[in-house]
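Under numbering that gives the first Met the number 0, the residue at position 75 of the sequence shown is numbered 74, and the numbers go up by one with no gaps.
Where is the CB? At the ideal position from N, CA and C, for every residue including glycine.
No experiment lies behind these values; they were computed from the predicted model shown.
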Amino acid sequence: MPIDNASTEATGGFDAAISDDGDRVVFIGDSGRVVLRTVSTGTTTVVGLDDLGNEVTTNFSPDISGDGNIVAWSTTSAVVGGTSNGFGQVYRRNLTTGVVLLASAGPGGDLGNGSSSVPPLSEDGLEMAFLSSATNLVANDVNGVTDVFARVGAAPVARISTSSLGVAANGESYWPMMAGNGKSVVFESSATNLDPEVTFASRSIYRKQISGELTLASRFPDGTAIDDGSNQNPSVSHDGSIVSFVSGSDELNFYIHAGGLYVRDLDNGTTTRGSALADGTLSWVANTRYFG
0 MPIDNASTEA TGGFDAAISD DGDRVVFIGD SGRVVLRTVS TGTTTVVGLD DLGNEVTTNF
60 SPDISGDGNI VAWSTTSAVV GGTSNGFGQV YRRNLTTGVV LLASAGPGGD LGNGSSSVPP
120 LSEDGLEMAF LSSATNLVAN DVNGVTDVFA RVGAAPVARI STSSLGVAAN GESYWPMMAG
180 NGKSVVFESS ATNLDPEVTF ASRSIYRKQI SGELTLASRF PDGTAIDDGS NQNPSVSHDG
240 SIVSFVSGSD ELNFYIHAGG LYVRDLDNGT TTRGSALADG TLSWVANTRY FG
């Protein structure tokens, strides 16, 4: 529904995400509403609505698909079927049809029994990832840590923070980012059982194919795992082949003679530094949904 009061527009504005063409921006506005600004038409509309078309308040971490047609967000409010359980749930809404999907749903359609948030979308919005501490989204979730999950269309939720063999992470996982083509998710994890080379508790960066293959992305230029500092804030290219991340590794800084943002080309097996300041040192760059 449109927002007519200009002062209402101005009282909020954080957690913004933007469509690929830059025309649509979604953000958290006044009263925690999910708001869409369309630059080409100059209109501002509340798009965080329940399945009856009513505004939903107290929302968090919105995202918008690359094509600008799908929005996703997290909220503790009732959105589908008038029910809530006090935990944050993740929802996806088609702006054309108005259909709202509970993404953080268990096999029987039940609300997640733990908090779910941070729902990045693919370019067409049909694929999404999210964080959750819920234990009822997939069978046998007994690892006791926050995991990364994915939802492809209306298919059941799949756990992403597992090894290539499907072994659940034994440490917390964070910051999922969905590739634009919807075929892979990158995330950070402190688990020590996802890759044979990772036996340390500092965070590592992984790319997980929706099809199941897991690849360690946080590697030194010589290909060995970065093991002397925490790696965080991953982003991923549209096709999932290039991953950027921030690293506190002293040894990586020695290799590349700068600190901060790094880029791993998973196809070519190279690690290079990211954007540099005028003096040649790296800047600490904010994360985006995906790039390239």
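Alpha-carbon spacing of residue i relative to residue j, whole angstroms
i, j, result
"Arg218", "Asp238", "20 Å"
"Val137", "Val70", "24 Å"
"Pro175", "Asp19", "19 Å"
"Ala154", "Arg92", "16 Å"
"Thr161", "Asp49", "32 Å"
"Thr74", "Ala16", "17 Å"
"Asn169", "Val197", "12 Å"
"Leu193", "Phe186", "12 Å"
"Lys182", "Gly124", "12 Å"
"Gly81", "Gly247", "45 Å"
"Thr42", "Asp66", "18 Å"
"Ser172", "Val45", "31 Å"
"Thr96", "Leu260", "40 Å"
"Thr191", "Glu212", "17 Å"
"Ser229", "Ser240", "22 Å"
"Ser30", "Asn53", "14 Å"
"Leu100", "Asn252", "44 Å"
"Ser64", "Thr40", "19 Å"
Distance CB(residue i)-CB(residue j) smaller than 7 Å
i, j, result
"Arg206", "Val242", "yes"
"Asp22", "Val38", "yes"
"Asn135", "Ala167", "no"
"Gly179", "Glu122", "yes"
"Ser131", "Ser163", "no"
"Ala128", "Ala149", "yes"
"Val144", "Ile159", "no"
"Val78", "Tyr90", "yes"
"Asn68", "Leu94", "yes"
"Arg36", "Thr56", "no"
"Gln231", "Arg263", "no"
"Trp72", "Gly107", "no"
"Val195", "Thr270", "Sequence check: residue 195 is Pro here, not Val. Their beta carbons are not under 7 Å apart, which means Pro195 does not touch Thr270 by this criterion."
Contacts around residue i, its chain only, beta-carbon distance under 7 Å, and the 5 residues preceding and following it disregarded
i, result
"Thr214", "Tyr205, Arg206, Leu265"
"Gly12", "Phe26, Gly28"
"Gly268", "Gly222"
"Ser76", "Val55, Thr56, Thr57, Ser83"
"Pro119", "Asp62, Met127, Ala128, Pro175, Met176, Met177, Arg288"
"Asp109", "Asn135"
Sequence-distant residues of the same chain with beta carbon closer than 8 Å to residue i, five excluded per side
i, result
"Asp14", "Phe26, Ile27, Phe59, Ser60, Pro61"
"Ala133", "Phe86, Ser103, Gly105, Gly111, Asn112, Gly113, Ser114, Ser115, Asp140"
"Arg210", "It is Ser, not Arg, that sits at residue 210 in the sequence shown. Once the five neighbours on either side are set aside, the close Cβ partners of Ser210 are Lys182."
"Pro233", "Trp174, Met176, Val185, Phe186, Glu187, Ile204, Ala216, Val242, Ser243, Phe244, Asn286"
"Gly165", "Gly211"
"Ile225", "Ser203, Ser217, Arg218, Phe219, Ser246, Ser248, Glu250, Leu251"
Residues near residue i in its chain [Cβ-Cβ closer than 6 Å; skip 5 each side]
i, result
"Val235", "Met176, Ala178, Val185, Val242, Tyr289"
"Glu250", "Asp227"
"Ser189", "Gly170, Glu171, Ala200, Arg202"
"Gln208", "Ser183"
"Val24", "Ala15, Ile17, Arg36"
"Val151", "Glu126"
Any C-beta of chain C under 7 Å from that of residue i
i, result
"Phe26", "No chain C is part of this structure, which consists of one protein chain only."
Secondary structure, beta strand (DSSP E): runs of 3+ residues fully inside the stretch 61-127: Secondary structure within the stretch 61-127: the beta strand (DSSP E) runs of 3 or more consecutive residues, fully enclosed, are 69-74, 88-93, 99-101 (chain order).
Cβ contact check for the stretch 86-95 and the stretch 109-121: 3 or more pairs under 8 Å: Under the Cβ criterion (8 Å, minimum of three pairs), the stretch 86-95 counts as touching the stretch 109-121.
Contained beta strand (DSSP E) runs [length at least 3] in the stretch 130-199, N- to C-terminal order: Annotation note: the stretch 130-199 contains the following uninterrupted beta strand (DSSP E) runs of length 3 or greater, listed N- to C-terminal: 146-151, 172-177, 183-188.
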